[in-house]
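Report on one structure; see the data block that follows.
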Amino acid sequence: MADTAKFELGGKGFEYPVLSGSTGPDVVDIRKLYAQTGAFTYDPGFTSTASCESSITYIDGDAGILLHRGYPIDQLAEQSTFMEVAYLLLNGELPEGTTLEEFKTTITRHTMVNEQLATFFRGFRRDAHPMAILCGVVGALSAFYHDSTDITDPQQRMIASHRLIAKMPTIAAMAYKYSVGQPFVYPRNDLSYTANFLRMTFSVPAEEYEVDPVVEAAMDKIFILHADHEQNASTSTVRLAGSSGANPFACIAAGIACLWGPAHGGANEAALNMLREIGTPDRIPEYIARAKNKDDPFRLMGFGHRVYKNFDPRAKVLSKAAGEVLAKLGKNDPVLDTARELERIALEDPYFIDKKLYPNVDFYSGVILSAIGFPTTMFTVLFALARTTGWVAQWNEMIADPEQKIGRPRQLYTGATQRDYIPVADR
Ligand code: SDX
69 MADTAKFELG
79 GKGFEYPVLS
89 GSTGPDVVDI
99 RKLYAQTGAF
109 TYDPGFTSTA
119 SCESSITYID
129 GDAGILLHRG
139 YPIDQLAEQS
149 TFMEVAYLLL
159 NGELPEGTTL
169 EEFKTTITRH
179 TMVNEQLATF
189 FRGFRRDAHP
199 MAILCGVVGA
209 LSAFYHDSTD
219 ITDPQQRMIA
229 SHRLIAKMPT
239 IAAMAYKYSV
249 GQPFVYPRND
259 LSYTANFLRM
269 TFSVPAEEYE
279 VDPVVEAAMD
289 KIFILHADHE
299 QNASTSTVRL
309 AGSSGANPFA
319 CIAAGIACLW
329 GPAHGGANEA
339 ALNMLREIGT
349 PDRIPEYIAR
359 AKNKDDPFRL
369 MGFGHRVYKN
379 FDPRAKVLSK
389 AAGEVLAKLG
399 KNDPVLDTAR
409 ELERIALEDP
419 YFIDKKLYPN
429 VDFYSGVILS
439 AIGFPTTMFT
449 VLFALARTTG
459 WVAQWNEMIA
469 DPEQKIGRPR
479 QLYTGATQRD
489 YIPVADR
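When we follow this note's numbering, the leftmost residue of the sequence shown carries the number 69, and every step to the right adds one.
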């Protein structure tokens, strides 16, 4: 017998079904609550609200577990590749050999962008933030691909998904090149997805460029760690935009806009800027005190998480990778020492222990990205590049969901009740 949730409102009793997933918290199905009780639920920030049913990613915040289609993130980060994870997120299963090669070939053959797109960049100032450029250019993609915007056609949905995954590295690299005044570099079909991106970003026409395998492996691992993460703010934005029937390019542009916020994907840029501002470990107590001061809006960037209340498994992988990559590249960035000391001090402080604040995915990623050669302004672009795979997987799942309908939350209204208009002469 399925469980039910019972409660009283206005002296009347109500009962709602409790639904169970394959793992994780049960949900109370309140879809009929307003019709039956005349009341809404109230949950700003959706801290206790499941917006959808999904089978793509599962997070156990207390246990520090992150699964993509059931596979633990640490195993994928150590043993898989970003292209394989992209296929897994989109299709639900790990591909066998030929299927993976076919997928990689499909993605490779969509990496070029329409040449007209290059003129879009000319309209931006050279010092435009690359996220502003990414947001604008990705939103404009729908102007070029009318043959893959009919969301009712599964074939067109998959072509649009492949185009978005394939073209994000090209557009991201173009945004970087434009910001440093260097010519755009075309993709090459003989390179891996990640090597192609690194070459489009860092090569110049004046000399040959060889992708460093250490850098390629680190970049690919970072892409895997940022690929998807349940119904986070930007994924929920993509789903909400998609629920109106908007084309996938517009939906991903909406996700990019949301990710840019410093409370979300913009935290990787903010975290490295914070670590650089702190400078040396002796200044850490000053910043810990600020983070604890209710009157100070300062927060430790790269710390805390809505779901993880033990540790972010991605941060553990990145913390280990940071030391390895810097050592292999022969780089010694004092910021890494500051980051580790900040983590140590914070995790001994009752404020952080009580509020269950731990380093998240954004705390260490910037140290690695900086060592590879990216400016901090590119960090969230790289997050968006990787997360596009998760966004399109979640978007496809939503469109294919027979229960999906346009998202339209309600509110607790606290404004003026009805009153009559007063002509300005009588006010
Ligand atoms: C990402 O959702 C996802 O999955 C996101 C993400 C993904 O992969 O998609 O994981 C990526 O966005 C990671 C988070 C990156 N953001 C940051 O690092 C910015 C700093 N962190 C915070 O702003 C905050 O922790 C959030 C936004 C991440 C989570 O905020 P919540 O869940 O709304 O928690 P909260 O703001 O209610 O904080 C709870 C308490 C508060 O104190 P009280 O009001 O209870 O006294 O903890 C405090 C906060 O003041 N707090 C912090 C803090 N984060 C929370 N205090 C100091 N420093 C911090 N970083």
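Glycine included, each C-beta is placed from N, C-alpha and C at the ideal position.
Residues His136, Phe150, Val153, Ala154, Leu157, Ala454, Arg455, Thr457, Gly458 of the same chain have their beta carbon placed closer than 8 angstroms to that of Ala295, with the five preceding and five following residues left out of the count. Judged by the Cβ position, Lys423 qualifies as a neighbour of the ligand SDX at the 7 angstroms threshold, a heavy atom of the ligand being closer than this. The residue among Pro477, Pro85, Lys360, Asp221 with its C-alpha nearest the C-alpha of Ala414 is Lys360. The beta carbon of Met369 sits closer than 7 angstroms to at least one heavy atom of the ligand SDX.
Remark: the shortest separation between the CB of Asp128 and any heavy atom of the ligand SDX does not fall under 7 angstroms.
CA-to-CA, the gap between Leu266 and Glu146 works out to about 20 angstroms. Assignment of Tyr139 by DSSP, reduced to helix, strand and coil, places it in the strand class. Apart from sequence neighbours up to five positions away, the residues of its chain that approach Gln104 with a beta-carbon distance below 8 angstroms are Phe82, ordered along the chain. In the DSSP annotation of this structure, the continuous segment of the beta strand (DSSP E) that includes Ala73 starts and ends at 72–77. Under the three-state reduction of DSSP output, Ile436 falls in the helix class. Arg225 counts as buried, since no fewer than 16 other beta carbons sit within 10 angstroms of its beta carbon.
Beta-bridge pairing by DSSP links Leu87 to Val95.
Counting along the chain, Ile127 sits inside the beta strand (DSSP E) bounded by residues 125–128.
Taking C-beta atoms as the reference points, Ile219 and Pro316 count as a pair closer than 8 angstroms. Secondary-structure assignment with DSSP links Leu134 through a beta bridge to Ile127. When secondary structure is reduced to three states using DSSP, Gly81 falls in the strand class.
If you ignore the 5 residues before and after Phe212, its C-beta comes within less than 6 angstroms of the C-beta of Asn182, all in its own chain and listed in chain order. Beta-bridge analysis with DSSP links Phe317 to no other residue. The C-beta separation of Gln250 from Val272 comes to about 6 angstroms, placing the pair in contact by the 8 angstroms criterion.
Only residues of its own chain outside the window of five on either side were considered, and among them Ile219 have a CB closer than 7 angstroms to the CB of Gly313, listed in chain order. Assignment of Pro491 by DSSP, reduced to helix, strand and coil, places it in the coil class.
Rounded to the nearest whole angstrom, the C-alpha separation of Glu409 and Glu416 is 11 angstroms. DSSP, reduced to helix, strand and coil, places Pro427 within a strand of the structure shown. Straight through space, the alpha carbons of Leu450 and Val393 are spaced by roughly 17 angstroms. Within the model, the alpha-carbon separation for Val248 versus Ala390 is close to 26 angstroms. Per DSSP, the continuous alpha helix (DSSP H) segment holding Lys245 begins and ends at 222–248.
Residue Lys245 holds the alpha-carbon nearest to the alpha-carbon of Arg190 among Pro163, Gly165, Ser210, Lys245. Distance from the Cα of Lys384 is smallest, within the candidate group Ser304, Gln299, Leu293, for Leu293. For Ile133, the CB contacts under 8 angstroms within the same chain, skipping 5 residues up- and downstream, are Tyr126, Ile127, Pro140, Pro381 in chain order. Look at the segment 441–476 and you find no whole run of beta strand (DSSP E) that is 3 residues long or longer. Between Asn300 and Asp430 a beta carbon distance of about 12 angstroms is seen, past the 8 angstroms cut, so the two are scored as non-contacting. For the ligand SDX, a non-hydrogen atom lies closer than 7 angstroms to the CB of Val375. When the beta-carbon positions are compared, Ala208 and Phe188 come within less than 8 angstroms of each other. When the beta-carbon positions are compared, Pro198 and Met446 come within less than 8 angstroms of each other.
Straight through space, the alpha carbons of Pro477 and Ala309 are spaced by roughly 13 angstroms. In the DSSP assignment, Val206 falls within the unbroken alpha helix (DSSP H) covering 198–208.
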